[in-house]
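Participant: Here my numbering is used: the first residue of the sequence shown is 10, the next is one more, and so on.
C-beta atoms are modelled at their ideal positions from N, C-alpha and C, and glycine is treated no differently.
Here the structure is a predicted model, which means the values were calculated and not measured.
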Amino acid sequence: MPLAVVIAVVLVAGQTLGHRSAAFTAHRTAVRTVLCAVLVGACIAGYALVTGRSPEEAALSGQAALGQLAADPQSWSVGALLALVLFKGLGWGVALGSLRGGPIFPAVLLGAALGVAVGGLPGMGIESGLAVGLAASSSAVTRLPVTSTVLAAALLGDQAADSMPLLIVSAVVAFLTATFVHRVAAPDHSVAPEHAGV
């Protein structure tokens, strides 16, 4: 449950950054969009420099990196996973309101990365962390806990049956947390991001 809360807070922060980015690029759009693109590029380069891993992991929408992470989570160090969350999260937030891409899969990758990163904690396990990350992140960004549970189950494949209670609880907790944080933060949604990315 604490992991689902943290994932929801991180993703709502990214969405809030996306709303602020959209408001920023609403005036002097061309110049400010270029500035946002440079910032996203700096995030991608920062990830590659800090981790020594491929910048594509932070640059693309997340489907490929999510598949790699799910297939071989042990090949990622905790530091690389946290760097991915930091750099890709910032880049995703900026791009959410100013550039193109997808709003769902980058967030799901961030949740999965957080889940795998804490998988080594006592009583957790990498598979459980991945399951929580998938369900919680999807639920936090879509606000559809049932659909998010089904999506996470589909992504987990054969492991889904054993993880179903964990998926359901994680999706509901993340949904409730994201709803609460959105109400408390109450960002100005008058300029909603039309595109999402990174």
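Please list, in chain order, all residues of the same chain as S107 whose beta carbon is under 6 angstroms from its beta carbon, the five residues on each side excluded.
Facilitator: Taken in chain order, the residues that qualify are S30, T34, T42 and C45.
Participant: Tell me whether G55 sits in a helix, a strand or coil according to DSSP, three-state version.
Facilitator: Three-state DSSP puts G55 in a helix.
Participant: Would T49 and G88 be called neighbours here (beta carbons separated by less than 9 angstroms)?
Facilitator: What sits at residue 49 in the sequence shown is Val, not Thr. Not closer than 9 angstroms, so no.
Participant: Judging by CA-CA distance, which residue of T60, K97 and G61 is the nearest neighbour of A68?
Facilitator: Minimum Cα distance to A68 is reached at K97.
Participant: Where does the unbroken alpha helix (DSSP H) through V182 begin, and where does it stop?
Facilitator: A169 to A194 is the span of the alpha helix (DSSP H), which, as asked, contains V182.
Participant: Could you give the DSSP three-state label for I113: helix, strand or coil?
Facilitator: If DSSP states are grouped into helix, strand and coil, I113 belongs with coil.
Participant: Counting only the same chain and skipping the five closest in sequence on each side, list residues whose C-beta sits under 6 angstroms from that of V193.
Facilitator: Answer for V193: no residue qualifies.
Participant: Step through the CB atoms of chain D and report whether any lies within less than 9 angstroms of the CB of A183.
Facilitator: Of the chains in the structure shown, none is chain D; there is only one protein chain.
Participant: Does the stretch 181-189 touch the stretch 138-151, meaning 3 or more C-beta pairs lie closer than 8 angstroms?
Facilitator: Yes, since at least three Cβ pairs between the stretch 138-151 and the stretch 181-189 fall closer than 8 angstroms, the two stretches touch.
Participant: Which two residues bound the contiguous alpha helix (DSSP H) that contains S146?
Facilitator: It spans I135 to T151 - the alpha helix (DSSP H) in which S146 sits, taken as one unbroken run.
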